[in-house]
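Down below is the structure, laid out as structure tokens.
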Amino acid sequence: MTTESDFIQSEHITHTPAPPITDLNGAYGVVQRMRNRLQMAVRGRDEVIELMIVALLSDGHMLLEDYPGSGKTTLAKSLGDCIIDDKPDDDIVTFRRIQFTPDLLPSDVTGTTIFDPNTNRFFFRAGPIFAHVVLADEINRTSPKVQSAMLEAMAEKQTTIDNRTRRLDDLFFVIATQNPLDLAGTFPLPSAQLDRFLFKVKMKHIQREAELEILASARARKAGAGSDLPRVTRTEVIDARGVIESTIHVAPEVRECLVDLANATRADQRILQGASTRSLVLMIPALQARALTRVRDYVSAEDVEYLAPYIFGHRLELAPGTDSVETVIRECMARPLERLARASLRR
Amino acid sequence: MIRRLLGGWRHPVRVLAMAMAALSLAWGVALTEGLVAAMVGAALGTVGGELLGRSRLRTGVTLAGLWLLTLVAWKGGALALTTEFLASEVGPGNALAGVGVVRFGTLAFALVAGLRAVAVRRPAALAFELGFIAVALAGVFASHRDGVIARPLWLSDWAWQQGIDPGQVFLAIGAGAVVLLAVLLVAEQKSGRALSALLALFGLSFLAVTVVNVVGAPTPHPESVLGLTDAGQGQPPRPTDGGTHHGPDNGDGGQRDPRERGDGGGSNGNDAGDASASGGNDAGDGGASGNDAGDGGGSAGNDAGDGGGSSGNDAGDGGGGGDDAGDGGSGAGQDASADITMPMYPTDGSIDPNTPPPQDGGANRPPPSEQLSDDQAPSNSPAPMAVVVLDNDYSPPSGAYYFRQEVWSQFNGVRLVETARNDVDRDIADEFPTFEQRVRDVVGSQGRTRVEGLVALLVNHNSPFALESAVSFSPAQNPNPQRFQRAFRFSSLAQSVDYRRLLGHNAGDPRWTPDVRTYYTTPHPDPRFGQLARRIVEQRLPQRLRRDAFAQALAIKLYLDHELIYSTRARHAGVPDPTLDFLFGDRTGYCVHFAHSAVFLWRSLGIPSRISTGYHSDESNRRGGSTIMLRGGDAHAWPELYVDGYGWIVLDIAAERNLDPPGQAPDEDLQRILGEMARQQPPVPNQPPSQQPLRPRPRHNYGRAVGYGLLAVIASVLAALYLVKLWRRVVPAFARPASLPRVTYRKALDLLAEAGLAREFGETRERFAARVGETAPSFAKMTDAHLAAHFGDPQKREAPTREAWRTMLRDVAREIPGRTKRWRRVLGLLNPASWLDAR
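Line by line, the protein sequences give chains A and B.
Residue numbers in the first sequence follow the working numbering, run continuously in steps of one, and reach 651 at the last position.
Residue numbers in the second sequence follow the working numbering, run continuously in steps of one, and reach 861 at the last position.
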């Protein structure tokens, strides 16, 4: 069947297929193209863009916490925009946004079966979750029932509707947001669900210069500036994931460092619940992706230092009355990082 | 945890240290109120400086403001003192105190606040703050530089009394101060290396203490007197010129030596000096001395002594006639008033107008001492002056040892002084022996036994002394040059005959010429001496003994024993003839008065007699192995008469009544220690050194062993550090290609470390490279290559060539000098441990 969105996208299919991604250069090209488009679309958020690309390339999901109007939606939408769906016949679109409300039902997210009087049969109508990039806005505002539906989708890349399991696309990337203000009437995400997110990023207010630039360039962007920049295809992204995983080298010392770091969080008095093993497993691809964005073919201490706060920040449960989680993580990291740094001078 | 502890305490500790530093610096400059104000100002300044340092004020503005504040307070104080307004409102005393409070409080506040404010902004300026504390502390001990250990007196006296070498006490205090400063320093440091620095400082302090044992405690300059004495002043003013006298210097209670005749002349000058020396306080007395100047010299000798005697203790001594000035000094201690007065026989001046003032002194020459001797325990100055070790077991019939140094026999119209003739009093030595030297005349050998001994002088003396009566002197090796000024040996014929056996012998020597006999019997012109003497003889002697010279002398002695009262406070100063004033006055005085009284009485009966001066020590003071420690308070003058065949016989006056407080008993430990030190001298000094192989006793000096051991350890550690440093520097030239990424990068790290750039704990290499990017931009490239070599996939890596590594290293090495200070690099190059920072 043909939907309106399919129609809109069909024009993109005419796009010449890119050569397949087989090496790091190609993978880095993917990164570059996404970065350029996103940076053009959203000013002053380079760090979040970087993290978003890392998350996308490491097959993780991302939780943004910020105030309204700070560019979350624009960012997610731009990401969807820069991915070309080169598999148009699978009913999966590049971008969907779900605004979560307390009265939302799981079927509003996943889709539902509808009776077609013409054929006298039920057919499945896919929900917004069937997309490459899904923006789950204010995810903490909906009921746990809906949240758990999202949970399965994010963890398994599949969803079960009417007792029938349907697969989501390989490139299924969720950007969820939650509003730190007005906590009244919210359903805080349980820690199990928080664990599904690779990163939790607290967006800070952008720099003055960047903000001025946004104001200055608002008209140009409305007019579609940057929309002609090269995009990437779904296949390219998935190929790049494979290349990264197989090519970027993770030294044994780096893995030791991760384990040391996890142990440090578990031993710290200020942390009630330390880092989980799963978080370490998820971290490896993230580190590799990050190394790629830095044009390296190996994971270095810098990657660990950079990503650890985003990866562990929402997973650690702090004892009451402790400082900020960033401080705690930084202190836990010092010793493993020192060991990692010294390792390079050893034979 | 230690650091946290230190961190919590550093502010209180700093406040306290600053307050104490301000107190030390203001001490002696400010009045009590000013001192309190300085302490409070320093404490407030610490707080204020901290606040100023954290404020947004520019450093220059802060300092200028503080300087202005000081200026205003100081000038304002001067203005308030020079105008009458304030003084008339609140009274001069209050005005002075108030201005002192303002001035010193403000000064301390501004100084400390300025230091603190700068230190908050620039941690390196902490050095100035700690330096301020160190200087204040050093100021207290500054007078003890060059190994002079006598100051501050209260501390060295205490140490001596405990039997501890004050040098060790000072070292311990210094080490403690170093540790305290180190603790303050470390408390300020944030980095992890501070703790190791603390340990190193502890080690250094320990090393300092032990190394001093290796090298020996610092020795005083030759011209200064050993730490034992008060030094500089050493020389008591002795009126030598007068020729008359010189006193026995015994007087010096103090540590200084008694006799330096040389000085004679300037008695006043010297005295004054002494005074100040001892206390600093006595300036006032100075005036007094001025007056007495006339008196002079003789006394001066004494005084000096007093001064010397550490002020505290000997106050009592004041006695000596000459003492004036000196006393003044000591006076500070206890008898200021007494001392001030002075000279016992001031008159000389008047009598003998021709003679210069010093002479006068001489004339009077009070002997030395202030103390009397006799029975009384020497009271005053406990400072040891000399140690005598007798070779023979000799027990004097009089119950006391008399060490004769000088003789006064010439009557100058008022008192006895040293003779100007060269045919009398030839039984003493004027100079220290350089070879075995006999005295010119040995008089009398009957009833005497030969006694030999060693004398080790702790302070300079002008001439040697020996147990009466000396036969010969010979030089001796100084057993411990750090403690003793010099040593010599003597051989004497000491009296062994009991006094009763002397009855029936003639006084005087038949071989004397009439002239000499007349000389020794020249009486005092005052007829009362003769009258008194005859009355005593008639009343106290049975008929048959009335013609016997020795019996007459003994009767007079016993009479004087009974009638005279001993007091070092009665100086009979300022009268024309102190002896008359004493004997026919209140009969209260001390040994000099006693001796003159006895001699004048004896001479009025025609008995040849004279006064000897030197040291007197009760036989009970003899300790193990005939060691006698002579102290400042043992200085003495006593009368002697000549008995035919027996020579000069000591017949000392022992007053039955004593107004002085009992003196301190000798410190037995000190006596024993000094005795053992002195005894290291081989007993027979005369043989040529070649025949007398020195066999140094093996001494186990653990301090030295530990010190050398530590030095060796430190030297080898240093050598090892430098070797490692060198190795790391050259190894990239010939390392295997596989090691190049490591050793080349390591060398670059070493270079950066020498320039003061080191990676912090937990800092990643990339972050470090970014941090030093300003100094060495190409280091980042090298870091990437290094990390890629180590963390990259070993199978796929195509490593940079040796040439590429070399180029990278050269780039880094070239960039560093252009962007770091030269002194920083030189220091880094010299620092043996710089490579430890290269991690």
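In this text, a Cβ means the ideal position worked out from N, Cα and C, and glycines have one as well.
Helix, strand or coil at residue i according to DSSP, with G and I counted as helix
i, result
"P592 (chain A)", "Strictly speaking, residue 592 (chain A) in this sequence is Gln, with Pro absent from that position. Helix, per DSSP."
"I396 (chain A)", "coil"
"A620 (chain B)", "helix"
"K747 (chain B)", "helix"
"R679 (chain B)", "strand"
"T590 (chain B)", "coil"
"D640 (chain B)", "strand"
"D420 (chain A)", "strand"
"E458 (chain B)", "coil"
"D548 (chain B)", "coil"
Cβ of residue i within 7 Å of any chain A Cβ
i, result
"H33 (chain B)", "no"
"G795 (chain B)", "no"
"E820 (chain B)", "no"
"E788 (chain B)", "yes"
"F756 (chain B)", "no"
"D815 (chain B)", "yes"
"R846 (chain B)", "no"
"R801 (chain B)", "Contrary to the premise, residue 801 (chain B) reads as Phe rather than Arg in this sequence. For F801 (chain B), the answer is no, since every Cβ of chain A falls outside 7 Å of its Cβ."
"F163 (chain B)", "no"
"L774 (chain B)", "no"
"L831 (chain B)", "no"
"L203 (chain B)", "no"
"A809 (chain B)", "Reading the sequence as shown, one finds Leu at residue 809 (chain B) and not Ala. Yes, because at least one Cβ of chain A sits closer than 7 Å to the Cβ of L809 (chain B)."
"F783 (chain B)", "yes"
Alpha-carbon spacing of residue i relative to residue j, whole angstroms
i, j, result
"N643 (chain B)", "A657 (chain B)", "14 Å"
"R861 (chain B)", "A612 (chain A)", "23 Å"
"A802 (chain B)", "L498 (chain A)", "37 Å"
"N444 (chain A)", "V450 (chain A)", "10 Å"
"E776 (chain B)", "K843 (chain B)", "11 Å"
"L562 (chain A)", "P640 (chain A)", "8 Å"
"T551 (chain A)", "V585 (chain A)", "17 Å"
"R525 (chain A)", "I388 (chain A)", "20 Å"
"R789 (chain B)", "Y730 (chain B)", "45 Å"
"H365 (chain A)", "F501 (chain A)", "5 Å"
"A405 (chain B)", "G685 (chain B)", "12 Å"
Residue i at chain B interface by Cβ criterion, 7 Å
i, result
"S628 (chain A)", "no"
"Y602 (chain A)", "yes"
"E609 (chain A)", "yes"
"L328 (chain A)", "no"
"A555 (chain A)", "yes"
"L641 (chain A)", "yes"
"S550 (chain A)", "no"
Rounded distance between the beta-carbons of residue j and residue i, thought under 8 Å
i, j, result
"V123 (chain B)", "E55 (chain B)", "5 Å"
"A685 (chain A)", "T786 (chain B)", "Limits of chain A in this structure are 305 at one end and 651 at the other, which puts residue 685 (chain A) out of reach."
"L696 (chain B)", "M651 (chain B)", "6 Å"
"H618 (chain A)", "F813 (chain B)", "About 28 Å; that fails the 8 Å criterion."
heavy atom of the ligand FMN below 6 Å from residue i C-beta
i, result
"V200 (chain B)", "Among the ligands in the structure shown, none appear at all, so the ligand FMN cannot be discussed."
Do the region 402-418 of chain B and the region 618-627 of chain B meet, that is, are 3 or more Cβ pairs less than 8 Å apart?
As far as the Cβ criterion goes, the region 402-418 of chain B does not touch the region 618-627 of chain B, which means the pair count is below three.
So, do the region 565-581 of chain B and the region 659-676 of chain B have three or more beta carbon pairs nearer to each other than 8 Å?
yes
Below 8 Å, can you find three or more Cβ-Cβ pairs linking the region 548-566 of chain B to the region 497-507 of chain B?
Judged by Cβ distances under 8 Å, the region 548-566 of chain B makes no contact with the region 497-507 of chain B, as fewer than three pairs qualify.
Using a Cβ distance threshold of 8 Å, determine whether the region 113-120 of chain B contacts the region 144-159 of chain B, with at least three qualifying pairs required.
no
Say whether the region 79-86 of chain B touches the region 94-113 of chain B, bearing in mind that this needs 3 or more beta-carbon pairs closer than 8 Å, one atom from each stretch.
no
Hey, is the region 585-592 of chain B in contact with the region 562-572 of chain B, meaning 3+ C-beta pairs nearer than 8 Å?
no
Is it a yes or a no for the region 510-524 of chain B touching the region 483-492 of chain B, going by three-plus beta-carbon pairs under 8 Å?
Yes, the region 510-524 of chain B is in contact with the region 483-492 of chain B.
Meets three-Cβ-pair contact criterion under 8 Å: the region 527-546 of chain A and the region 460-476 of chain A
yes
Please confirm if the region 347-360 of chain A is in contact with the region 321-332 of chain A, defined as three or more CB-CB distances below 8 Å between the two stretches.
Flag = no, the region 347-360 of chain A and the region 321-332 of chain A do not touch.
Below 8 Å, can you find three or more Cβ-Cβ pairs linking the region 448-464 of chain B to the region 522-533 of chain B?
no
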